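Below: one structure, written as structure tokens.
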Amino acid sequence: MNFLHDIGKYFLMIKISFSKSCKREILYKQIFKEINDLVLDSIQIVSILSFFIGGVVSIQMALSLENPLLSKTLIGYATRESVILEFAPTFISIIMAGKVGSYITSSIGTMRVTEQIDALEVMGINSLNYLVFPKIIAMLLSFRVITISMFLGIVGGLLAISLTGVPSEAYIQGIQMDFESYHVTYSYIKTLVFSFVLATVPSFHGYYMKGGALDVGKASTQSFYWTSIIIIILNYIITQLLLA
Amino acid sequence: MIEVKNILKSFENSDVLKEIETIFYRGKTNLIIGQSGSGKTVLLKCLLGLYEVDSGEIIYDGISSKKMNSDEKLDISRQMGMVFQGSALFDSMNVLENVRFPLDMLTKIDENEKNSRAMKFIERVNLKDAINKLPSELSGGMQKRVAIARAIVMNPKYLFCDEPNSGLDPKTAIVIDQLIQEITKEYNITTIINSHDMNSVIEIGENIVFLKEGYKIWQGNNKEVLKSRNKEVEDFVYSSELLKKLRN
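Line by line, the protein sequences are chains A and B. Reading the first sequence from the start, the letters are residues 6 to 249 in the numbering used here. Reading the second sequence from the start, the letters are residues 12 to 259 in the numbering used here.
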């Protein structure tokens, strides 16, 4: 019953976040601040992870395709497909759940514990609109960050493969082979949905948390747990709907 | 003036406020006192509109909470200022930005007017030299003064303070109490303070409401509270051995 109650509360939170809007210039300012805090500050970690994971994927592909009957172009093809279809949208979103999600939960949770949210409500300000709405917009506007991840993942694969002795021409040929632009669209659709989850689930855990400083940490852990689970389940549903 | 008429509030079958009936006067420092768990905070939150009462009504200068629609409730809430127990200042904003915040959010006045209005109240609480400091760089007493300036910057009709001097040394606590009392007189505000600090009760208690286990047990002023023969009030006021000895 509690679970159903929380689901209802989550959707009500989203509804209230979009209603009784604060002044437009205040919201613009908040959205730009959130883009900086949530997205721009994450580009570094996303870039490093994408580059090296792309490298690891291509090396593993090269190892699996040692049979001389199999074309080396398959290494580039398989790396591209892994990065575009799964690594960039899903794994980067889960990594973001750890970085951005815990930041959102702890910042909103601290505001709850220190009565800053109560202060907003007493002033007659819709605290959900002021705190959560800009995060949703910032995350939705910035879903194209995975473009960087896709690009660096494939480049990382190229550099790693050139160190293993496989000709880079074969890898480049492979990444151009049977290219389906719909796979990129699918990847963007997934990321857009995950971005919404990344903004709202951690906000929910922070906004409705109870207790003190220790509970802020617990809420952050809970938020990561649920965000990851929801992303993985949605990943399956979206893939079933769009690719199966 | 705020009139409370026979209000009842319960949480999960436990009655927290029972048949509370009282008046909080304009231009006076009204204190709600009582032990922990007596219902002080719940009463304050009901007056603030953060909790809906189960029955009874709260009348804000003739306007009943029962008859208000959501816009009227919002209008009343914008006439309220609140000083929280932990000050509740926004960590990422400096003193000037914290005090300016309600003006930024709720008014359409120009930047210069906002700054001059915020500065007027910052000067009123003697924090002119700290306008660029962040809350983390301020002492507890200074944080409380910023919270007071922020609470009154919109010229509220009602000022609520939840244990405004908790965690402060006795000297700073008296400074904060006196500042609240001065502001109450100066701007003719209905001020309601939630406290269990006897120094505050004696210093600024012009109208004191004593709660116990959700009931209003007694009402009077700071002179009467010391002479009260009500058993519960006596137990609360003279809870320390020192005060008992002084009284005897």
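Beta carbons are placed, not taken as given, at the ideal position from N, Cα and C, and that holds for glycine. From a predicted model like this one, the values you see are computed outputs, not experimental measurements.
Item                                                                                                                                                                                        : Value
If I follow the unbroken alpha helix (DSSP H) through A/G211, where does it start and stop?                                                                                                 : 186–212
If you measure beta-carbon to beta-carbon, which residues of the region 108–134 of chain A are closer than 7 Å to chain B?                                                                  : T119, E120, Q121, D123, A124, E126, V127, M128, G129, I130
Quick check: the region 24–38 of chain B against the region 193–208 of chain B, are at least 3 beta-carbon pairs closer than 8 Å?                                                           : yes
Chain B partners of A/I31, CB-CB under 8 Å?                                                                                                                                                 : D115, M116
If the cut-off is 7 Å on Cβ atoms, which residues from the region 215–239 of chain A count as contacting chain B, listed in chain order?                                                    : none
Within the same chain, show all residues whose beta-carbon is closer than 7 Å to that of A/L157, passing over the 5 residues directly before and after it, in chain order.                  : S52, S55, F56, G59
Note down, in chain order, all residues in the region 74–95 of chain B with a beta-carbon under 7 Å from any beta-carbon belonging to chain A.                                              : L85, S88, R89, M91, M93, F95
When we look at the beta-carbon of B/K238 and count the other beta-carbons within 10 Å, is it buried (16 or more) or exposed?                                                               : exposed
I'd like to know whether the C-beta of A/K28 is nearer than 8 Å to at least one C-beta of chain B.                                                                                          : yes
Do A/E120 and B/G225 have their CB atoms nearer than 8 Å?                                                                                                                                   : no
Is B/D173 helix, strand or coil by DSSP?                                                                                                                                                    : strand
For the region 71–101 of chain A, which segments carrying the beta strand (DSSP E) assignment without a break, of at least 3 residues, lie completely within its bounds, in sequence order? : none
So which of B/K20, B/K39, B/V15, B/S21 has the shortest CA-CA distance to B/N218?                                                                                                           : B/K39
Taking contact to mean at least 3 C-beta pairs separated by less than 8 Å, is the region 201–217 of chain A in contact with the region 106–121 of chain A?                                  : yes
Measure from the alpha carbon of A/L164 to the alpha carbon of each residue in A/I80, A/I242, A/F229, A/M128, then state which is nearest.                                                  : A/I80
Is B/V157 helix, strand or coil when you go by DSSP?                                                                                                                                        : helix
Run through DSSP, which three-state label would B/S164 get?                                                                                                                                 : Ser is not the amino acid found at residue 164 of chain B; the sequence shown has Val there. Coil, per DSSP.
Would you mind sorting A/P172 into buried or exposed? The rule is 16 or more other CB atoms within 10 Å of its CB.                                                                          : exposed
Verify the CB distance criterion: does B/L190 have a CB-CB separation below 8 Å to chain A?                                                                                                 : no
Identify the contact partners of B/L61 in chain A, using a Cβ-Cβ distance below 9 Å as the criterion.                                                                                       : D123, E126, V127
Report all residues from its chain with a CB closer than 6 Å to the CB of B/A160; omit the five preceding and five following residues, and keep chain order.                                : V110, F132, I133, V136
Name the residue from A/T95, A/L247, A/T152, A/G217 whose alpha carbon lies nearest to the alpha carbon of A/F199.                                                                          : A/T95
Looking at C-alpha atoms only, which residue of B/N233, B/D208, B/S75, B/N232 is the closest neighbour of B/S251?                                                                           : B/D208
For the candidate residues A/G106, A/S24, A/D42, A/A67, whose alpha-carbon lies nearest to that of A/N134?                                                                                  : A/S24
Do A/S225 and A/T110 come within 8 Å of each other at the CB atom, strictly closer than that value?                                                                                         : yes
Given B/V212, which residues of its chain have a CB within under 8 Å of its CB, disregarding the five upstream and five downstream residues?                                                : L42, I44, S206, I219, N233, V236, V248
Based on DSSP bridge pairs, tell me the residues matched to B/M229.                                                                                                                         : The displayed chain sequence assigns Trp, not Met, to residue 229 of chain B. Note: B/W229 sits in a beta bridge opposite B/F221.
Apart from the five residues just before and just after A/D42, which ones in its own chain have a Cβ nearer than 6 Å to its Cβ?                                                             : none
Please classify A/Y187 as buried or exposed, where buried requires at least 16 other C-beta atoms within 10 Å of its C-beta.                                                                : exposed
Ordered along the chain, which non-local residues of its own chain (more than five positions away) have a Cβ less than 8 Å from that of B/D26?                                              : L19, K20, G225
For the beta strand (DSSP E) containing B/N80, list its first residue and its last residue.                                                                                                 : Neither: B/N80 is in no beta strand (DSSP E) and is coded neither H nor E.
What number of angstroms, rounded off, separates the C-alpha of B/S164 from the C-alpha of B/R128?                                                                                          : What sits at residue 164 of chain B in the sequence shown is Val, not Ser. Using only the alpha carbons, I get a separation of about 7 Å.
Keeping to the same chain, check which residues put their C-beta closer than 7 Å to that of A/S154; ignore five residues upstream and five downstream.                                      : V51, S55, A93, I97
For B/E20, which residues does DSSP report across the bridge?                                                                                                                               : The amino acid occupying residue 20 of chain B in the given sequence is Lys; Glu does not appear at that position. The partner list for B/K20 (beta bridge, DSSP) reads B/L28.
Under three-state DSSP, which class holds B/M12?                                                                                                                                            : coil
Determine the DSSP secondary structure at B/S251, reduced to helix, strand or coil.                                                                                                         : coil
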